[in-house]
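Inspection log for the structure reproduced underneath, given as structure tokens.
2 protein chains.
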Amino acid sequence: MSILVVGSVAYDTVSTPHGKVQDALGGSATYFSAAAALFAPVRIVAVVGEDFDHSQLEFLRERGVDTSGIVVEPGATFRWSGSYGAEMGDATTLDTQLNVFQEFRPSIPDTHRREPFVFLANIDPELQLAVLEQVEKPRLVVCDTMNFWISGKRRELEALLQRVDVFVLNETEARDLAGESNPVRAARRILALGPSRVVIKLGEYGVLLVAEDGIFRLPAFPVEDVRDPTGAGDTFAGGFVGYLAETGDLSFEGLHRALLAGTVSASFNVEAFSLDRLREIDRARVQERCRELERIAGWAWSQRLVGQGG
Amino acid sequence: MSILVVGSVAYDTVSTPHGKVQDALGGSATYFSAAAALFAPVRIVAVVGEDFDHSQLEFLRERGVDTSGIVVEPGATFRWSGSYGAEMGDATTLDTQLNVFQEFRPSIPDTHRREPFVFLANIDPELQLAVLEQVEKPRLVVCDTMNFWISGKRRELEALLQRVDVFVLNETEARDLAGESNPVRAARRILALGPSRVVIKLGEYGVLLVAEDGIFRLPAFPVEDVRDPTGAGDTFAGGFVGYLAETGDLSFEGLHRALLAGTVSASFNVEAFSLDRLREIDRARVQERCRELERIAGWAWSQRLVGQGG
Chain A
1 MSILVVGSVA YDTVSTPHGK VQDALGGSAT YFSAAAALFA PVRIVAVVGE
51 DFDHSQLEFL RERGVDTSGI VVEPGATFRW SGSYGAEMGD ATTLDTQLNV
101 FQEFRPSIPD THRREPFVFL ANIDPELQLA VLEQVEKPRL VVCDTMNFWI
151 SGKRRELEAL LQRVDVFVLN ETEARDLAGE SNPVRAARRI LALGPSRVVI
201 KLGEYGVLLV AEDGIFRLPA FPVEDVRDPT GAGDTFAGGF VGYLAETGDL
251 SFEGLHRALL AGTVSASFNV EAFSLDRLRE IDRARVQERC RELERIAGWA
301 WSQRLVGQGG
Chain B
1001 MSILVVGSVA YDTVSTPHGK VQDALGGSAT YFSAAAALFA PVRIVAVVGE
1051 DFDHSQLEFL RERGVDTSGI VVEPGATFRW SGSYGAEMGD ATTLDTQLNV
1101 FQEFRPSIPD THRREPFVFL ANIDPELQLA VLEQVEKPRL VVCDTMNFWI
1151 SGKRRELEAL LQRVDVFVLN ETEARDLAGE SNPVRAARRI LALGPSRVVI
1201 KLGEYGVLLV AEDGIFRLPA FPVEDVRDPT GAGDTFAGGF VGYLAETGDL
1251 SFEGLHRALL AGTVSASFNV EAFSLDRLRE IDRARVQERC RELERIAGWA
1301 WSQRLVGQGG
């Protein structure tokens, strides 16, 4: 089954202790698609400026991404600049130039309105809601956000959440949105706002899924050589939604496996700058590392032990 | 099989957003024993002052802890005072009065020298080494430490590590000891110092085991009501070593299950001040929550799924 993603396509200038890239390909929709397309067909809706080099998306098209919904507007492409310290935690934003993204009002082409899976990357919740008004009964709506909208457009975000199935956000965002520092309690409060599943991203510590049907906790893949964390959250979402679209299994346990696929996708992304690592991996390579994470998380051997002792 | 623990028995004054206790029972050997004794017999070697109320350890004796190795010295019992902020992360130490602990030179009674499992709680590495000189070929030596010794007695700590099987430390300590911020790489450097297994405690995010035989990562039990994190690390070590002593299974996979038992033991401890929660739980209650964590970590259902898709 195929996926519609609405988000940004951008140029990023990023420095980490491992180096620096200038005006490298980035953007939430780009990272998402690169991972999701390993599992299922993807259609992007986004905006770029006249300076955008469309040949940079050729590898996505080869992977089954429909880029025809990326419109070109007069002006420059969205640019973000940030730097990471030695701990590689959150980036310090040095500069944001919205450029053509400032006036982005996503218009979903007729050909794109019947995708069963919809991912609303982190943009203004009013625009996310406007996307949902244009699509026809998707089977699953997954949505991301950021602190900027939680503090600045809470009412709009809450209206949106009533129409979202899976809400993905990080630990700080969950705390701010719920007004509660315990992640499980925060997630329960967010469930009360509408979504049936809340996924809290814990960065290098993995993800927490809280749903009406239970709690699931997956560690991250222990990457030994983190070079650039930019796009990790969107890549995670790409692998997660991609896997769900591939299998169509939206059960609680189906989500566990999709979270594994998302986690593994993100683990590749952080190993290189921009989309360099995502560009070179394939479905088989992801599958191989999924097996490795299964072993690390105890899934692979537990069948012999569950229910015995301890 | 039984366990020897050498560490502190103390009185703690602790404040958290949930309340405050004054001169409440604490100490690394106390927390460790309360958890370990749910699984296997424990003998404590420690020192207290003349002010110590020995009836407070009655519940440990009922649980199978031999407290005859706790010596009384003239003076006051070790006292620690700390406070936790809203995030319940690391405590801010407000006051430390070593008192009789200042001159503690652990002398292991003849009756205590043949325990197959030895846990060296966080004390001066010179004293930890002195303990190992007094015991007879233990089957497993597990050791904890703290930043104070890593910076102040590195040479002694490194000498000790050559005689330790499992080294348990937290993420910051691992970073400082190894001079490396990536936890897996840090653990590998520590393995090179002697231990065959390194367990890095990630607090609310769980534990990471790095060994010659592989990597294992377990999330923490998602406690919704954390009231006092004091003693969580020692309680974790207690459940971990206790489980190993109960089963005698020191294989890599045996350690996974022991880490589960330790993690669950710690999850109980943080639900109340001092040892109040550890006092009331039993082996069956621990077992029940182990099953719950197996479900949360995906062990319980993965037998049906491992090797399929993803």
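Quick mapping for you: the protein sequence lines, in order, are chains A and B. Read left to right, the first sequence gives residues 1 to 310 (my numbering). Read left to right, the second sequence gives residues 1001 to 1310 (my numbering). Cβ atoms here follow ideal geometry from the backbone N, Cα and C, with glycine treated the same way.
Would a check of beta-carbon distances place residue i closer than 7 Å to chain B?
i, result
"A/P222", "yes"
"A/G75", "no"
"A/F117", "no"
"A/P229", "no"
"A/F298", "Note on residue identity: the sequence assigns Gly, not Phe, to residue 298 of chain A. Closer than 7 Å to some Cβ of chain B, the Cβ of A/G298 qualifies, so yes."
"A/I215", "yes"
"A/P125", "no"
Less than 7 Å between CB atoms is the rule here; does residue i satisfy it with respect to chain A?
i, result
"B/Y1031", "no"
"B/G1203", "no"
"B/G1310", "With a pLDDT of 37 at B/G1310, under the threshold of 50, the predicted position of this residue should be treated as unreliable, though the coordinate-derived value follows. At least one chain A Cβ lies under 7 Å of B/G1310."
"B/V1306", "Residue placement at B/V1306 is poorly supported in this model, since its pLDDT is 45, which falls under 50; the coordinates are not used for a value here."
"B/P1109", "no"
"B/P1017", "no"
"B/P1313", "Outside the displayed span of chain B (1001 to 1310) sits residue 1313 of chain B, for which this structure offers no information."
How many whole angstroms separate the CB atoms of residue i and residue j, which I take to be in contact at a CB cut-off of 8 Å?
i, j, result
"A/P116", "A/M1", "5 Å"
"B/V1100", "B/F1078", "7 Å"
"A/P195", "A/A86", "Between A/A86 and A/P195 the Cβ distance is about 35 Å, and since that is not below 8 Å, they are no contact."
"A/L244", "A/L250", "6 Å"
"B/G1075", "B/E1050", "7 Å"
"A/K201", "A/G242", "Actually they are not in contact, since the Cβ atoms of A/K201 and A/G242 sit about 16 Å apart, beyond 8 Å."
Can you tell which of the options has its C-alpha closest to the C-alpha of residue i?
i, options, result
"A/M88", "A/G248, A/V223, A/S28 and A/R105", "A/V223"
"A/M226", "A/L275, A/F268 and A/F216", "In the sequence on display, residue 226 of chain A carries Val and not Met. Of the listed residues, the one whose Cα sits closest to A/V226 is A/F268."
"A/R175", "A/P219, A/C143, A/A46 and A/A186", "A/A186"
"A/D90", "A/F104, A/G239 and A/D228", "A/D228"
"B/L1193", "B/R1063, B/A1178 and B/E1294", "B/A1178"
"A/G262", "A/F273, A/R289 and A/A272", "A/R289"
"A/V207", "A/A297, A/A245 and A/D249", "A/A297"
"A/D66", "A/E294, A/E173 and A/H54", "A/H54"
"A/T96", "A/F221, A/K201, A/A10 and A/A245", "A/A10"
"B/Y1084", "B/E1280, B/L1169 and B/G1019", "B/G1019"
"B/I1003", "B/F1059, B/G1064, B/D1023 and B/R1285", "B/G1064"
"B/D1110", "B/E1133, B/Y1031, B/C1143 and B/Q1102", "B/E1133"
"B/S1015", "B/F1273, B/I1281 and B/Q1162", "B/F1273"
"B/A1221", "B/E1103, B/Q1287 and B/F1059", "Per the sequence presented here, residue 1221 of chain B reads as Phe, with Ala not at that position. When each option's Cα is compared against that of B/F1221, the closest is B/Q1287."
"B/L1060", "B/L1275, B/E1292 and B/R1291", "B/L1275"
"A/E62", "A/G27, A/E280 and A/R285", "A/E280"
Could you check whether residue j and residue i sit closer than 7 Å to each other, using their CB atoms as the reference points?
i, j, result
"A/R283", "A/L38", "yes"
"A/S265", "A/T230", "no"
"A/L25", "A/Q56", "yes"
"A/V198", "A/F167", "yes"
"A/L160", "A/P125", "yes"
"A/D165", "A/V131", "no"
"B/F1252", "B/G1214", "yes"
"B/R944", "A/P219", "As displayed, chain B neither begins before 1001 nor continues past 1310, which places residue 944 of chain B out of reach and without an answer."
"B/T1093", "B/N1122", "no"
"B/A1040", "B/G1238", "no"
"B/V1021", "B/V1047", "no"
"A/P106", "A/V6", "yes"
"A/S33", "A/V45", "no"
"A/E136", "A/R155", "no"
"A/N147", "A/E173", "yes"
"A/T13", "A/S81", "yes"
Contact residues within the stretch 164 to 184 of chain A, judged by C-beta distance below 8 Å to chain B: Within the stretch 164 to 184 of chain A, the residues whose Cβ lies closer than 8 Å to some Cβ of chain B are S181, N182, P183 and V184, listed in chain order.
Residues in the stretch 42 to 63 of chain A having any Cβ partner in chain B nearer than 7 Å: Listed in chain order, the positions of the stretch 42 to 63 of chain A with a beta carbon within less than 7 Å of a beta carbon of chain B would be empty, since no residue qualifies.
Chain C contacts from the stretch 1257 to 1275 of chain B (Cβ-Cβ distance under 8 Å): Absent from the structure: chain C. Protein chains present are A and B.
Members of the stretch 1084 to 1106 of chain B near chain A, C-beta cut-off 9 Å: Within the stretch 1084 to 1106 of chain B, the residues whose Cβ lies closer than 9 Å to some Cβ of chain A are A1086, E1087 and M1088, listed in chain order.
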